[in-house]
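Under my numbering, the first residue of the sequence shown carries the number 5, and numbering increases by one thereafter.
Heads up, the beta-carbon is just placed ideally off N, CA and C, and yes, glycines get one too.
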Amino acid sequence: LAGVLQALISVVQSNGDEIQNARVGNHNIVFLVRGPLYLVAASCCGDTVAYLSAQLHMLHSQLISILTSKVEEVFLRNAAFDLRSLLGGTDHLVRTLIRQAASSPAFLLNAVPSARMPPSVRADLTRLLLAARPSTLLFALLLSRGTLVATLRSKHASLQPADTLLVMNAVAASSSDAGQFREDQSWLPICLPQHDARGFVYAHISFVTEELCLVLLSPDREAFPQLSEHRDAIVNKISASLSPSLTEALASPLPPLPPANPEIFHFVYKLH
Numbered sequence: 005l006a007g008v009l010q011a012l013i014s015v016v017q018s019n020g021d022e023i024q025n026a027r028v029g030n031h032n033i034v035f036l037v038r039g040p041l042y043l044v045a046a047s048c049c050g051d052t053v054a055y056l057s058a059q060l061h062m063l064h065s066q067l068i069s070i071l072t073s074k075v076e077e078v079f080l081r082n083a084a085f086d087l088r089s090l091l092g093g094t095d096h097l098v099r100t101l102i103r104q105a106a107s108s109p110a111f112l113l114n115a116v117p118s119a120r121m122p123p124s125v126r127a128d129l130t131r132l133l134l135a136a137r138p139s140t141l142l143f144a145l146l147l148s149r150g151t152l153v154a155t156l157r158s159k160h161a162s163l164q165p166a167d168t169l170l171v172m173n174a175v176a177a178s179s180s181d182a183g184q185f186r187e188d189q190s191w192l193p194i195c196l197p198q199h200d201a202r203g204f205v206y207a208h209i210s211f212v213t214e215e216l217c218l219v220l221l222s223p224d225r226e227a228f229p230q231l232s233e234h235r236d237a238i239v240n241k242i243s244a245s246l247s248p249s250l251t252e253a254l255a256s257p258l259p260p261l262p263p264a265n266p267e268i269f270h271f272v273y274k275l276h
């Protein structure tokens, strides 16, 4: 099958064009060619070409997040290189991304799902992230149940939605009840393609409460001690002053918005 797909791509390229999609029976087949990397999705479930294409773009971003864009240079030097040797142990990231893309509109809309909570609680959490912020900190995120609770960024850098979703996917893939992030403080190199596709930032990931995950991102690979101290300070302040209100906000989120029309069963909105 891989040989047939590669042949299709090569035939179209030899005519000076690039294959985008094909319809075979009741299957939509979508192609994404990124240099030496070929990504293909096939669906018989009624998924549109645009939706499958969006999933492939996110999957490509996930591969770059693991390997950086320098992997393309490896293929240019050796077209027969086996990519699996570099992806060992990361298949759970890809599987989680595919499951999330099939069930959540976040990837289709390129939008970050945010936790609904009282503004005062969110403001208090943001102030905690700001307090005694170490100089090595680039971005900080507080996550809960697959949603963004609060975020902090450097004055000279912005964290794009696509990069935020990749960070959230890394946490979701490894933070089950027996997951590594719930048990300890983890140090993870991760590439943020929208920020810098050719290099890594380093993520300090830990749970500061049962439902609240803290992600601290730094360009400095030696910044673990400083970020660990910052994390401990945040935990102490949450325990001292925010624990009751935070627990209530995370355990009892605000009720869903009432539909404007009783015939509407589902709706999604994106705030720009």
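The continuous stretches of beta strand (DSSP E) do not include I23, and DSSP gives it neither H nor E. The alpha-carbon of S108 is positioned some 33 Å away from that of D224. Between V116 and L147, the beta carbon gap of about 10 Å keeps them out of contact (Cβ cut-off 8 Å). For P40, the secondary structure class from DSSP, reduced to helix, strand or coil, is coil. Straight-line measurement puts the Cα of S89 at about 23 Å from the Cα of A207.
One thing to note: V34 has its Cβ within 9 Å of the Cβ of N25.
Contact between I194 and S69 holds: their C-beta atoms lie close to 6 Å from each other, under 8 Å. Residue range 151 to 157 is occupied by the beta strand (DSSP E) that includes A154, with no alpha helix (DSSP H) assigned at that position.
Of the candidates K159, L12, V219, the residue whose Cα lies closest to the Cα of T168 is V219.
Relative to F79, the option among L41, L60, H61 whose CA is nearest is L41. For I242, no beta strand (DSSP E) segment is defined, and its DSSP state is neither H nor E. For the alpha helix (DSSP H) assignment, the uninterrupted runs of no fewer than 4 residues enclosed by the segment 106 to 146 are, from N- to C-terminal side, 110 to 113, 123 to 134. In this structure, L145 lies away from A227, with their beta-carbon atoms at least 9 Å apart.
Spatial neighbours of L156 in its own chain (CB-CB distance under 6 Å, excluding positions within 5 residues in sequence) are listed in chain order as L133, A144.
Only residues of its own chain outside the window of five on either side were considered, and among them Q66, N173 have a CB closer than 6 Å to the CB of L101, listed in chain order.
With a beta-carbon spacing of about 34 Å, P165 and N82 fall beyond the 8 Å limit used to define contacts. Look at N173 here: in three-state DSSP terms it is helix.
When the alpha-carbon of N30 is set against those of F111, G50, I23, W191, the nearest one is in G50. At a Cβ-Cβ threshold of 9 Å, S47 and L56 count as neighbours. With at least 16 other beta carbons inside 10 angstroms of its own, N32 counts as buried.
One thing to note: S210 has its Cβ within 9 Å of the Cβ of S190. Assignment of P165 by DSSP, reduced to helix, strand and coil, places it in the helix class.
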